[in-house]
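Residue numbers (the working numbering), protein chains in the order written: chain A, 1 to 657; chain B, 1001 to 1331. Glycine included, each C-beta is placed from N, C-alpha and C at the ideal position. Heads up: the structure comes next, in structure tokens.
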Amino acid sequence: MSDVRIGVYVCHCGKNIGGVINPAKVAEHAGKLPNVVISRDYVYMCSSPGQLLIEEDIKKYNLNRVIVAACSPRMHEPTFQGVLKRAGLNPWLLQMVNVREHDTWVHENVPEKAEEKAKDLVAAAVARAAHLYEINTVRAPVVKSAVVIGGGIAGIRASLDLANAGIKVYLIEKKQSIGGKMAQLDKTFPTLDCSQCILTPLMVDVSRHPNIEIYAYSEVVDVSGSAGDFKVKVRLKPTYVDWSKCTGCGACVEKCPGRAPKEFDEGLGVRKAIYFEFPQAVPRRPVIDTEHCLWFTKGICKVCEKVCPVGAIDYKQVERYVELNVGAIVVAIGYELYDLSKLSEYGYGKFKNVISGLQLERLSSADGPTRGKILRPSDGKEPKTVGIVLCAGSRDENHVKYCCRFGCAAAIKHVYYIKHALPDAKVLVFYTDVRAFGKGYEEFYQKFRSEENVFFIRGRPAEIFEGRDGSLIFDVYDSNTNQLINVRADLVVLEGAVVPPKDWEPLRRILKVSCDPGGFALELHPKLRPFETTSDGIFLAGAIQGPKDIPDTVAHAAAAAASAIGFLAKGYVESVPYLAVVNEDLCSGCSLCVPICPYGAISVSEKEGKRVAKVDVIKCKGCGACAATCPSGAMQQNYFTDKQVLSEVVVLAGGAK
Amino acid sequence: MSDRVKVALYWCASCGGCEEAVVDLAEELIRLSNSLEIVFWPVAVDFKKSDVEAMPDSSIDISFINGGIRLTEHEEVVKLLRRKSKLVVAFGSCAHGGGVPGLANMYSRDEILRYAYIEAPTVINSEGALPKELSGGVGGELELPKVLKLLKPLDEVVDVDFYIPGCAPTPDVIKKSLETLLSGKLPPKGSVLGASSKSLCDECDLNKTKPEKILLKDIKRVHQVRLDLSKCYLSQGVICLGPVTRGGCGTLCVKGGMPCTGCFGPLDNVSDYGARALSFLASVIDYDDEVQAEKFIEEYIPDPVGWFYRYNLPKSLIKGRYQRQGGGVHG
């Protein structure tokens, strides 16, 4: 392709372009530029006669470069690439010039200048086109299996959807049971159905599904490979119980003399040193907590070993690692509550009767520490006045700027818990705004705000003080009535802010997924692609993408699964055309491109005694960071080489008109 | 005598190191004198400008010119040499990219003169006298060359055929360049002679000790650290400009315990050395957020121009500090 033969096509886009400048003049100007064989204008270049015009010209004039001056390449680049393909040309010999968004739309009131600009832009493209070359993409097969990280409701839903589509799923859960936060909830808003009742059947479905393998008490420690062919290294933490022998009878738990605060009850209850996370745990297998086990701490006891009917207790168990080969990864690790003790003015962690919303869920649960009775932690008495504080840490410059998206509805549900258990109690809800946006939420709000002895007060408590009897005293400025209210409450519930889990940051680095300012996983597009990431083959399900309530989490997880199924069903992954390419004759193996690559696509290896960089074509997403970093210019990006870009710049800077 | 290659050597704004580099050829110089005839070399041979003026055009085979163009006299002589020579070779960093004297482009001509002749603490000049173009002296009126507004690399004033890099070029690089020039098989015009087409890391013994990922939380200056001479200096937190710099010097500085400061200039595909060096440095800084990155720059890179444009500020896209009001006709 030594002889450059360019065809230039200027589109009117109806009046969008043609109503401001004269495309015929632009085409005429282009016709005088070097290497331009033919130039034309047409009213709608993207229409089928327009496309046919180009296609026939390519054949008739033996064109080997095509420039279309029309709209944004985001709009019609694929359209015109199709024209080149049909005419037997490589699609990357096309150069789009955006004379609509970049010109006529923004310079409508200065048409002469707009026309000059169009001529300049086309001239730059003509200079660039001479440096275009054929680009061919590469395909690689995908492994039809997936890892789902996190066994909460998002991970459960995603796993079931994937498995039902015939895809092998490995569900990785860091705790000993799947179920996540939803398993801790008493009821769900706005329908008030029992959380466990709707969740546990799904947990059982997961455990029985032939296509799902659960790795509980496990964590992902490394991911290598690339989209369609990941190698996921999983660490199986020692449980000190051989789960393959264990039947989940619970004899060990019953006889264990060790005691520890119960995590599942948010520290309000007590569990044994060998324990199930909760009675409906899936898998129902116990774990020894070595910090509280008498054998591990004092070298005595071994009761569990004695009572186990199947000899499953194994004090010498060590961690194990497995490597899973999968095509896709779904991240469903959910959220974590903000550390409420950081809100020092509310006294959480200092005053026993200041609790979190999740702790109230446990108090209200039939299997919770109080068997479903709402009693205040300090003395076990029924509270007569309960304060519920919304936005505890949320929408707060000093803590978390964003909204938790479920605190309001949860607070309304908590009003119900209290009024249902303690009909005479007075409930004061301190809100910033009540955001009851979901389906049925507004009705839910209206129902409970009008209940007797329920008061919604617009304001946040000032500092909370503890009285001698454990009651809580504080002032609230009510901005609706413009009054300062003095409150004495027996129990204060904080609807806390939501943050990404602590283990997200290390996992994020392993997966090479970007994060938003709040630290949550960054989606590929906030509106159009909210469950994909910038890393191909890695999908987001649920609150790790941002705070969500259960209905939104489930919808998001199902969409992530559908997206993953689509990705796996296609059967192959294709490299991007804008690949980074190393010129080995110039590369000195300095390695600077390696850490700059956000996709981990570059490695440096020895070749004929010299160190040179190598790009994994499937991992490379064509961001260009390495090409910008490369100190010697050895790394170039397809379709954006220095020569291509600079040739345009030179023309636009007036170097060679 | 007549079959010897006629060469001229000239110095502009330079330190004299390039002349020294020629002398450093030692025995090689004697051997070369059989094939070279020096027709002009003010530092060593007594020919005058008028001798050159008297020569027919294109009668000198090769002119080696070192130093940046700082004075009207430099412009005058290099234009003369260009006319009289078949080939003009920019010799050393200053002629190539402006060199260390090119850093003066961060100041205006007036600032430079005022500082050098009046403000410098070692100067006593109570009358505040500055050099004049014409001044009355003992032997009558004396004319001095004018100082240009900016220092320019050689190729901004005359057409340059080839470049020999280095501050100063090493004897090995000079020897290789001469061999190329005398071989009769000339590389494409504009080529850099005697050096590598790859960056310094390629020939550096320490490259194999460089980890795949270098991420720096701080930068150490050479005097602040006891360098392990067997490990890549970059990985020890010392900024070595080897990755951005053309190889060919044999890593002399690195072998001597100093990081590369970039005197061989950029590689063929790179148009602005300092910009590349900055983007390379950005890639090894281990800070994600902007505020910390800014602090890092403030603390560790107090003089980015001196660091990254040490040898080629006049040849860079920025050329020097932007000077609003001009003054003088040159530059």
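- A straight line joining the alpha-carbon of residue 362/A with that of residue 82/A spans about 60 Å.
- Contact annotation, residue 383/A with residue 409/A: C-beta distance approximately 22 Å; criterion of less than 8 Å not satisfied.
- In this structure, residue 294/A keeps its C-beta atom at 8 Å or more from the C-beta atom of residue 288/A.
- Shown here, residue 29/A sits in a helix according to DSSP, grouped into three states.
- Inter-residue distance for residue 571/A and residue 158/A is about 20 Å (C-alpha atoms, whole angstroms).
- For the stretch 1234–1263 of chain B, residues whose beta-carbon sits nearer than 9 Å to a beta-carbon of chain A comprise 1234, 1241, 1242, 1243, 1244, 1245, 1246 and 1247.
- Pairing residue 1042/B with residue 1010/B gives a Cβ-Cβ distance under 8 Å.
- Residue 114/A is classed as buried because its beta carbon has at least 16 other beta carbons within 10 Å across all chains shown.
- Secondary structure within the stretch 69–126 of chain A: the alpha helix (DSSP H) runs of 4 or more consecutive residues, fully enclosed, are 73–86 (chain order).
- With fewer than 16 neighbouring CB atoms inside 10 Å of its own CB, residue 1303/B falls in the exposed class.
- Between residue 501/A and chain B, the shortest Cβ-Cβ separation is not below 8 Å.
- Between residue 622/A and residue 576/A, the C-beta spacing is below 8 Å.
- Residues are counted here when their Cβ sits less than 8 Å from a Cβ of chain A; for the stretch 1266–1297 of chain B these are 1267, 1268, 1269, 1270, 1271, 1276, 1277, 1279, 1280, 1282, 1283 and 1284, given in chain order.
- Remark: C-beta atoms of residue 1283/B and residue 586/A do not approach each other more closely than 8 Å.
- DSSP places residue 1011/B in the strand class (E or B) of the three-state scheme.
- Using a Cβ-Cβ cut-off of 8 Å, residue 1141/B does not count as an interface residue toward chain A, since no Cβ of chain A sits closer than that to its own.
- For residue 224/A, no alpha helix (DSSP H) encloses it; the enclosing beta strand (DSSP E) starts and ends at 218–226.
- Fewer than three pairs of CB atoms, one per stretch, sit closer than 8 Å, so the stretch 233–247 of chain A makes no contact with the stretch 518–527 of chain A.
- Contact note: residue 604/A reaches chain B through 1212, using a C-beta cutoff of 8 Å and chain order.
- Residue 307/A and residue 276/A have their alpha carbons spaced roughly 16 Å apart.
- Using a Cβ-Cβ cut-off of 8 Å, residue 1202/B counts as an interface residue toward chain A, since at least one Cβ of chain A sits closer than that to its own.
- The shortest CA-to-CA distance from residue 1256/B to any of 1230/B, 1084/B, 1264/B and 1280/B is the one to 1230/B.
- The alpha-carbon of residue 1013/B is positioned some 12 Å away from that of residue 1103/B.
- For residue 1317/B, the closest Cβ of chain A is not nearer than 8 Å.
- Shown here, residue 1094/B sits in a helix according to DSSP, grouped into three states.
- The shortest C-alpha to C-alpha distance from residue 166/A to any of 182/A, 144/A, 173/A and 153/A is the one to 144/A.
- Checking the DSSP bridge columns, you'll see residue 477/A partnered with 484/A.
- For residue 1176/B, the closest alpha carbon among the candidates 1248/B, 1155/B and 1153/B is that of 1248/B.
- Between the stretch 244–252 of chain A and the stretch 261–268 of chain A there are fewer than three C-beta pairs closer than 8 Å, too few to call the two in contact.
- One thing to note: residue 595/A has its Cβ within 8 Å of the Cβ of residue 1215/B.
- The C-beta distance from residue 127/A to residue 645/A rounds to 11 Å, too long to fall under 8 Å, and the pair is not in contact.
- Residue-level contact by beta carbon fails for residue 1217/B and chain A, as no gap is shorter than 8 Å.
- Taking the C-beta atoms as reference points, residue 1210/B is found no nearer than 8 Å to residue 588/A.
- The beta carbon of residue 556/A is closer than 8 Å to those of 154, 530, 531, 540, 541, 542, 545 and 548 in its chain, skipping five residues each way along the sequence.
- Taking C-alpha positions only, residue 149/A is separated from residue 170/A by approximately 8 Å.
- For residue 635/A, the enclosing beta strand (DSSP E) has its first and last residue at 635–637.
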